[in-house]
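Trainee:
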Amino acid sequence: MRNRILAAAAGAGALALALTGCVPNSTAGGAALTVAITDDTCAVSEATTAAGNVTFSITNNGTDVNEFEILADDKLRIVGEKENVTPGQTVSYVAQLGPGTYYTACKFQLIGAPTGVAEFTVTGEASAVSADEQALTDQAVTNYISYIKSQVAELVPQVQAFADAYATGDDDTARSLFASARVSYERIEPTAEAFGDLDPKIDYREVDAVAEGLDWTGFHRIEKDLWPPAEGALNSDGESAFLDWAPSTDEERQAYADGLVTDVQQLSDLVNAKDFTVSLADISNGAIGLLDEVAVGKISGEEDWWSHTDLYDFYANVQGAEVAFGNVKDIAAGKGKEGAALVKDIETEFAALEGLLAQYGSLDSGFADYSTVTEAQRKELSDQVNALAEPLSNLTHTVLGLSE
Amino acid sequence: MTEPEETAPTGLSRRGLLGLVGAGAAGIALGGGAAAAIALNTPNGVGVSTVYPFFGDHQAGITTPAQDRLHFAAYDLSAGTTRDDLIELLQDWTYAAARLTAGQEVTEGGAVDGSPLAPPDDTGEALGLPASGLTITFGFGPTLFTTDDGTDRFGIAAKKPDLLAKLPRFSGDALRPESGGGDLCIQACADDPQVAVHAIRNLSRIAFGRASIRWSQLGFGRTSSTSTAQVTPRNLFGFKDGTANIKAEDPTTVKAQVWVAEGDGPEWMTGGSYLVTRKIRMIIEAWDRTQLQEQENVIGRSKGEGAPLSGGREFTEPEFAATGAAGQELIPADSHVLLAHPTSTGGAQLLRRGYNFVDGNDELGRLDAGLFFISFQRSPEQFIAVQKNLARDALNEYIKHVGSAIFAVPPGATKNGYVGSGLFA
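Residue numbers (this note's numbering), protein chains in the order written: chain A, 1 to 404; chain B, 405 to 829.
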């Protein structure tokens, strides 16, 4: 939620982290792995390596700038990345990796979906979690910023395609792109909300914009054109759907399409600015903030009032919350028995919620129309959101407020 | 159309009695008149209980120290109800309200002293209970004057105050049409919930055939104090509510902000006020898992003492310019206390008189809980100014407005008159 981020940012100065010795250098697993990049491939020389400091020698054989990413097994959370590898360049990059399943990928021109996604297995023993909390904190912040940038990089071209289809009157295509174009945005919603005026322009519902006297623009304005209300339909505030609303003209469509593209580009510029950063509290609060977005707006079906695509947003919010949690969970797990127990609880409840959501579809195969989800099913989803939100709401206290 | 004489209701009309006892009401002795009804006559004579006078310049239940319990009901007039029926209803209600607020039964026959062959006039659940500070306050909704399709059912459209109109859309509105609006309203407040319910129940019964309940609301735990003699209560967010409310002991502010003055609008409203109700659902599950620090930042006050975050005690004036060591605002710019403060609203203040509610649970198993907000103000524009200013309130993340209504509250009735008589003069 908007205020959490701001409040937490103000409080971040009070953070007193116990700084202890230096990073224990685990032994590197041998010679560097090579990564050969072209514009649409991303070939890593080995698919398996030993845990520890893993060195990658990255060469860009393509025609434009590229980036190398190591993703967690959710294919979302970034655990390491090397940006801005220019054509013809070879750079060395070291990632500290524990045993587990990862994915390697590249991102041509630093934008759009990752290319050449390949499973990457790290074997061996986990080194003891670093005792250096500052190092963990720095790592969590670095990786979360990378994640935000990668999500915005996916968002930009998706929004462009969606806006183009809408502006040219290809409503079938626009309708098919609407839900998926929002996914990356919903994963990082608290970040966008922290930029003040941007979220209202991109993602406001009609009732909020009207009530605040703002011009109503963005995703939901377009949504209403694509799924026009039936005669006599009501808005979520109980008013007639046709009060102060009419289908957009061609010129208006072009303006709303251009506006959305411009606003999303501005979001991209802001998160890619040199001074963009987040605090540890922003990350852990972002996790519960995303869950509250679900509890308040998505469960009730108010978010996507006309398209009923709420489950996509729901799922993306949960994914975003899990990524944020994943970024700080090592720190939380290091906070004694209490921290370890909390992490376990949260992981259990995330798995249960995702299992429940899987009954309604997936991002790849599509989710059920939310109007077909019965009250009893909504209650089951709501109960599981609450079951997760209770332990998750203690994450910030555990990360920042507990000593080891 | 004949104008009725302004006469004191001396009992329930035959129509009102019909609502109570059917056609065989002849044997029931009518009440002895409003003036007599004022005499305190608590059952058993033992009730140590406050009685507030019903008659006066202003209706009771506004600057009256807020009682602990509420039963509020909005009514729509039945199809076919005439101007004379409406007047008669208001006379009947005046008669009954004067008795009830004095701790009496709704008629002399009451619950047990009528004909054994007739159903009792009074429903009886308040037998043995004192007046319990009961106040009954009547209001007129915009649709009483003109229906949504423009019909002037009672020949009073010309007397409608310009400002009496459905409220505009506000941020956070998720209104359910079935829990808003209404031609008439009755606010019954008492320190005993059974007394408040008894009042609404009997007044509704009297209205059968002429008006029926459109929506109603029970409230507990007053969330505002309207007198400096009262401690500040807490709302369901766990924060003190109404610290900076208008208090009866401040007659200058009451006069400037609460009572309609001569020349403000139609003459019949002078001495009255405008009543706004907003049923505000709290998303308490999300609120309850919010960090204490954020809760306080959202409200702009400390949770324990209720002091502004700029420092001091509960009644210390907030210092919005105060900054902390790092230069940050101590009271966040989107905090509730800052946005609702008169310095942010162009001086507009409201006399708040809300109550907590818990209407069971919703379909998701969450408590259907919140604040039934009630405010009285000299002009609806005061409420609109405040509510518009709250559009960016951090609190909006945790609330939804599900019900909305506005009523013109006429001045108090004289002992020889009835509530709202000025409208029909």
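Built from N, CA and C at the ideal position, the CB exists for glycine as well.
Bear in mind the structure is a predicted one, so any value in this text is a computation, not a measurement.
Work out the CA separation of Y822/B and L494/B for me, nearest whole Å.
Mentor: Each residue's Cα considered, the two are about 7 Å apart.
Trainee: Measure the C-alpha to C-alpha separation of G361/A and A368/A and round it to an integer number of angstroms.
Mentor: Using only the alpha carbons, I get a separation of about 6 Å.
Trainee: Just the Cα atoms here: how many angstroms apart are W245/A and G708/B?
Mentor: Straight-line Cα distance between these residues: approximately 46 Å.
Trainee: Can you tell me the Cα-Cα spacing of S808/B and G213/A, whole angstroms?
Mentor: One C-alpha to the other measures close to 19 Å.
Trainee: Which residue spans inside the region 52-93 of chain A form an unbroken beta strand (DSSP E) run of at least 3?
Mentor: If we require 3 residues or more, the beta strand (DSSP E) runs fully inside the region 52-93 of chain A come out as 52-60, 66-71, 78-85.
Trainee: Find out if the Cβ-Cβ distance for the pair S748/B, I703/B is shorter than 8 Å.
Mentor: Against a cut-off of 8 Å, the Cβ pair of I703/B and S748/B comes out as no contact.
Trainee: Among the candidates S180/A, S57/A, T48/A, D263/A, whose CA atom is the shortest distance from the CA of D432/A?
Mentor: In the structure as shown, chain A begins at 1 and stops at 404. Residue 432/A is therefore absent and cannot be evaluated.
Trainee: Measure the C-alpha to C-alpha separation of I78/A and Q384/A and round it to an integer number of angstroms.
Mentor: Taking the straight line joining both Cα atoms gives about 26 Å.
Trainee: Among residues of its own chain, excluding the 5 on either side of L827/B, which ones have a beta-carbon nearer than 7 Å to its beta-carbon?
Mentor: If we look at L827/B and ignore the five residues flanking it on each side, its Cβ neighbours are I560, K563, W672, P814.
Trainee: If you count every other CB in all the chains shown that lies within 10 Å of the CB of V516/B, and 16 or more means buried, which is it?
Mentor: Per the 10 Å Cβ criterion, exposed.
Trainee: Considering only the alpha carbon of each residue, which of G334/A, G301/A, S184/A lies closest to G112/A?
Mentor: Of G334/A, G301/A, S184/A, the residue nearest in Cα terms is S184/A.
Trainee: For the candidate residues F776/B, F777/B, G769/B, whose alpha-carbon lies nearest to that of Q377/A?
Mentor: Answer by Cα proximity: G769/B.
Trainee: Counting Cβ pairs, one atom from each stretch, are 3 or more of them under 8 Å apart for the region 460-474 of chain B and the region 629-637 of chain B?
Mentor: Yes, since at least three Cβ pairs between the region 460-474 of chain B and the region 629-637 of chain B fall closer than 8 Å, the two stretches touch.
Trainee: What are the residues in the region 370-391 of chain A lying within 8 Å of chain B by C-beta distance?
Mentor: From the region 370-391 of chain A, only E375, R378, K379, S382, D383, N386, A389, E390 have a Cβ closer than 8 Å to chain B.
Trainee: Would you grab the beta carbon distance between A389/A and R693/B for me? Rounded to a whole angstrom, and I think it's under 8 Å.
Mentor: Right, the Cβ-Cβ distance comes to about 6 Å (below 8 Å), so this counts as a contact.
Trainee: From this set, P637/B, P546/B, F643/B, F574/B, which residue's C-alpha is nearest L588/B's C-alpha?
Mentor: Of the candidates P637/B, P546/B, F643/B, F574/B, the one whose C-alpha sits nearest the C-alpha of L588/B is P546/B.
Trainee: Please report the straight-line C-alpha distance between I202/A and T217/A, rounded to a whole angstrom.
Mentor: Computed Cα separation, rounded: 7 Å.
Trainee: Determine contact between the region 229-237 of chain A and the region 298-313 of chain A, defined as no fewer than three beta-carbon pairs at a distance below 8 Å.
Mentor: As far as the Cβ criterion goes, the region 229-237 of chain A touches the region 298-313 of chain A, which means the pair count is three or higher.
Trainee: Excluding the 5 residues preceding and the 5 following N791/B in the sequence, name in chain order all residues of the same chain whose CB lies nearer than 7 Å to its CB.
Mentor: The amino acid occupying residue 791/B in the given sequence is Gln; Asn does not appear at that position. Within the same chain, Q791/B has close Cβ partners F574.
Trainee: Output the residue ranges of the beta strand (DSSP E) runs that lie fully inside the region 505-566 of chain B and measure 3 residues or longer, sorted by chain position.
Mentor: Counting only runs of 3 or more, we get 539-544.
Trainee: Give me the Cα-Cα distance between R487/B and F558/B, rounded to the nearest whole angstrom.
Mentor: C-alpha separation (whole angstroms): 5 Å.
Trainee: Any idea if F719/B is buried or exposed, counting beta-carbon neighbours within 10 angstroms, 16 or more meaning buried?
Mentor: Per the 10 Å Cβ criterion, exposed.
Trainee: Whole angstroms are fine: how far does the CA of S382/A sit from the CA of N285/A?
Mentor: Looking at the two C-alpha atoms, the distance is approximately 20 Å.
Trainee: Going by DSSP, name the residue or residues bridged to G361/A.
Mentor: F367/A, per the DSSP bridge assignment.
Trainee: By the DSSP assignment, the beta strand (DSSP E) with L392/A in it spans what residues?
Mentor: Unbroken run through L392/A is the alpha helix (DSSP H), 375-392; no beta strand (DSSP E).
Trainee: Of all the residues that make up the region 687-698 of chain B, which are near chain A by a beta-carbon distance shorter than 9 Å?
Mentor: Under the 9 Å Cβ criterion, the region 687-698 of chain B contributes I687, E689, A690, D692, R693, T694, Q695, Q697, E698.
Trainee: With a threshold of 8 Å between beta carbons, is S236/A in contact with chain B?
Mentor: Closer than 8 Å: yes.
Trainee: How is the alpha helix (DSSP H) around Y759/B delimited, first residue to last?
Mentor: Note, Y759/B: premise wrong, no alpha helix (DSSP H); beta strand (DSSP E) at 759-765.
Trainee: Using CA coordinates, which residue listed in T656/B, G675/B, T657/B is at the minimum distance from A665/B?
Mentor: When each option's Cα is compared against that of A665/B, the closest is G675/B.
Trainee: Would you tell me roughly how many angstroms separate the C-alpha atoms of G532/B and S393/A, rounded to the nearest one?
Mentor: Roughly 50 Å separates the two Cα atoms.
Trainee: Taking only beta-carbon positions, decide if D772/B is within less than 8 Å of chain A.
Mentor: False, the Cβ-Cβ gap to chain A never drops below 8 Å.
Trainee: List, in chain order, every chain A residue whose beta-carbon is nearer than 8 Å to that of R573/B.
Mentor: V207, V210, A211, D237, E239, listed in chain order.
Trainee: Helix, strand or coil, according to DSSP, for W497/B in the structure here?
Mentor: In this structure, W497/B counts as helix in the three-state DSSP scheme.
Trainee: Please report how far the alpha carbon of S45/A lies from the alpha carbon of V117/A, in whole angstroms.
Mentor: Using only the alpha carbons, I get a separation of about 14 Å.
Trainee: Can you tell me which of the three DSSP states K329/A falls into?
Mentor: Helix, per DSSP.
Trainee: With H, G and I counted as helix, E and B as strand and the rest as coil, what does DSSP make of P736/B?
Mentor: Note: P736/B maps to coil in three-state DSSP.
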